[in-house]
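Participant: Residue numbers (this note's numbering), protein chains in the order written: chain F, 1 to 101; chain W, 1 to 237. Idealized CB from N, CA, C, for every residue including glycine. Computed from a prediction, not measured in an experiment: that's the story for all the values here. Got a structure for you, written out below as structure tokens; questions coming shortly.
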């Protein structure tokens, strides 16, 4: 018998919590992006686990789309980081307080 | 298939070892991403996590997604991260001991624990997975996983697939527009801007550790260059 699905779900929730913690704590914008990737991967693991538990291919199809959205998000996000770095010569989230009105 | 939903299953030893090793890879990589001072080390820890997730995908009969995970995430996205890190030159140690917002870290720990407990409590209450079995289509054997996933994506999810294509085109165009230099600053203002940025990064390098002290200078330099750019942009108009 293979591993029960709830073990995977607990692992995925731990990974999601770690990603959320890193996103809240770190100041470097690039590391914050990596923490978002951790949270997306936790969601992907949850989808695949539900797909196995329910014997349904729909969860895996959804992971496929999450991958695409993650790739697009990283491309646009890193473009924004490069554009900000060109003006401010730093990649720290705190330096963006100039954006406030 | 209903046996998986019940808690009283006993996994075999190879399955158990695979799950524990891959799970430790995932969690160790995540901790490494958060605790590394150097962004390059964070990116490499992210690769560890992504490989662990790919192993867990294979353990759950999602072979195609495991391959895509390695190719797209570890192959493309992490390389993009590393490229931007090297391109911007932020691959130096940063100070993560200081806590600029007082009490932020204890609050983050509390929030993390609360979220984790809430998700696990919800899962236990809901018996982890409820719902209709085989709604969209069966997962199939390991050999037929890719075929079934492809059939599902190109029939049931065809509209979402086409929307995905549009999203990718928009992302590419947006990235080009964002990363391109503004066309107004091609003259001497551009030279001035690059000089100002150069002095800013020099000061950064002299002070060493990446450093709050260098920031006012860099900010002043950026302000200067912005002022220098404004007349150059407004004259032709």
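Could you tell me which chain F residues have their CB closer than 8 Å to the CB of residue 175 of chain W, listed as they occur along the chain?
Facilitator: The answer, in chain order, is 75, 76, 78, 79.
Participant: Check whether chain F comes within 9 Å of residue 86 of chain W, counting only Cβ atoms and requiring the distance to be less than that.
Facilitator: No, residue 86 of chain W lies away from the interface with chain F (no Cβ there is under 9 Å from its Cβ).
Participant: Please state if the CB of residue 81 of chain W and the CB of residue 60 of chain F are separated by a distance shorter than 9 Å.
Facilitator: Against a cut-off of 9 Å, the Cβ pair of residue 81 of chain W and residue 60 of chain F comes out as no contact.
Participant: Below 6 Å CB to CB, which residues in the same chain sit around residue 49 of chain W once its five sequence neighbours on both sides are set aside?
Facilitator: The answer, listed in chain order, is 26, 29, 30.
Participant: What in chain F is Cβ-close to residue 23 of chain W, meaning under 7 Å?
Facilitator: In chain order: 11.
Participant: So, for residue 55 of chain W: in the same chain, excluding its five sequence neighbours on each side, which residues have a beta-carbon less than 6 Å away from its beta-carbon?
Facilitator: Same-chain partners within the cutoff: 22.
Participant: Consider the Cβ of residue 45 of chain F: report whether some Cβ of chain W lies at a distance smaller than 9 Å.
Facilitator: Yes, residue 45 of chain F counts as interfacial toward chain W.
Participant: Using a C-beta cutoff of 9 Å, does residue 50 of chain W count as contacting chain F?
Facilitator: Yes, its Cβ sits closer than 9 Å to a Cβ of chain F.
Participant: Terminal residues of the continuous alpha helix (DSSP H) containing residue 155 of chain W?
Facilitator: That run of the alpha helix (DSSP H) goes 145-155.
Participant: Going by DSSP, name the residue or residues bridged to residue 28 of chain F.
Facilitator: Residue 28 of chain F is bridged to F:92.
Participant: Which bits of chain F does residue 138 of chain W rub up against, with CB to CB less than 8 Å?
Facilitator: 55, 56, 57, listed in chain order.
Participant: What are the boundary residues of the alpha helix (DSSP H) that residue 15 of chain W is part of?
Facilitator: First-last of the alpha helix (DSSP H) with residue 15 of chain W: 13-35.
Participant: What would DSSP say about residue 220 of chain W, mapped onto helix, strand or coil?
Facilitator: Since pLDDT at residue 220 of chain W reaches only 47, below the 50 mark, its modelled position is unreliable, and no value is offered.
Participant: Going by C-alpha distance, which of W:60, W:69, W:68, W:108 is nearest residue 34 of chain W?
Facilitator: Closest option to residue 34 of chain W, Cα to Cα, is W:108.
Participant: Which value, in whole angstroms, describes the spacing of the CA atoms of residue 60 of chain W and residue 19 of chain W?
Facilitator: Using only the alpha carbons, I get a separation of about 10 Å.
Participant: What is the DSSP secondary structure of residue 138 of chain W, counted as helix, strand or coil?
Facilitator: Residue state, collapsed to three classes: strand.
Participant: Mind listing the chain F neighbours of residue 79 of chain W? Cutoff is C-beta to C-beta under 8 Å, in chain order.
Facilitator: Ordered by position in chain F, no residue passes the 8 Å Cβ test against residue 79 of chain W, which lies about 11 Å from the chain.
Participant: Counting along the chain, where does the alpha helix (DSSP H) carrying residue 125 of chain W start and finish?
Facilitator: Its alpha helix (DSSP H) spans residues 104-125.
Participant: What does residue 159 of chain W reach in chain F if we use C-beta pairs closer than 7 Å?
Facilitator: Residues of chain F passing the Cβ test: none, with the nearest at roughly 11 Å.
Participant: In angstroms with no decimal places, state the Cα-to-Cα distance between residue 144 of chain F and residue 146 of chain W.
Facilitator: Because chain F here runs from 1 to 101, residue 144 of chain F falls outside it and cannot be looked at.
Participant: Just checking my contact of residue 133 of chain W with residue 55 of chain F at CB under 8 Å: how many whole Å lie between their CB atoms?
Facilitator: Sure, about 5 Å apart at Cβ, within 8 Å.
Participant: Say whether the segment 155-173 of chain W touches the segment 32-48 of chain F, bearing in mind that this needs 3 or more beta-carbon pairs closer than 8 Å, one atom from each stretch.
Facilitator: Taking 8 Å as the limit for Cβ pairs, the verdict is that the segment 32-48 of chain F does not touch the segment 155-173 of chain W.
Participant: If you drop the 5 nearest sequence neighbours on each side, which residues of the same chain put their C-beta closer than 7 Å to that of residue 216 of chain W?
Facilitator: Because the pLDDT at residue 216 of chain W is just 47, under 50, the model does not fix this residue reliably, and the point stays unresolved.
Participant: Check whether the Cβ atoms of residue 35 of chain F and residue 12 of chain F sit closer than 9 Å, and answer yes or no.
Facilitator: It is not a contact, given that the beta carbons lie outside the stated cut-off.
Participant: Alpha carbon to alpha carbon, what distance is there between residue 44 of chain W and residue 75 of chain W?
Facilitator: For residue 75 of chain W and residue 44 of chain W, the distance between alpha carbons rounds to 12 Å.
Participant: Identify the continuous alpha helix (DSSP H) that holds residue 170 of chain W and give its terminal residues.
Facilitator: Note, residue 170 of chain W: alpha helix (DSSP H), 158-179.
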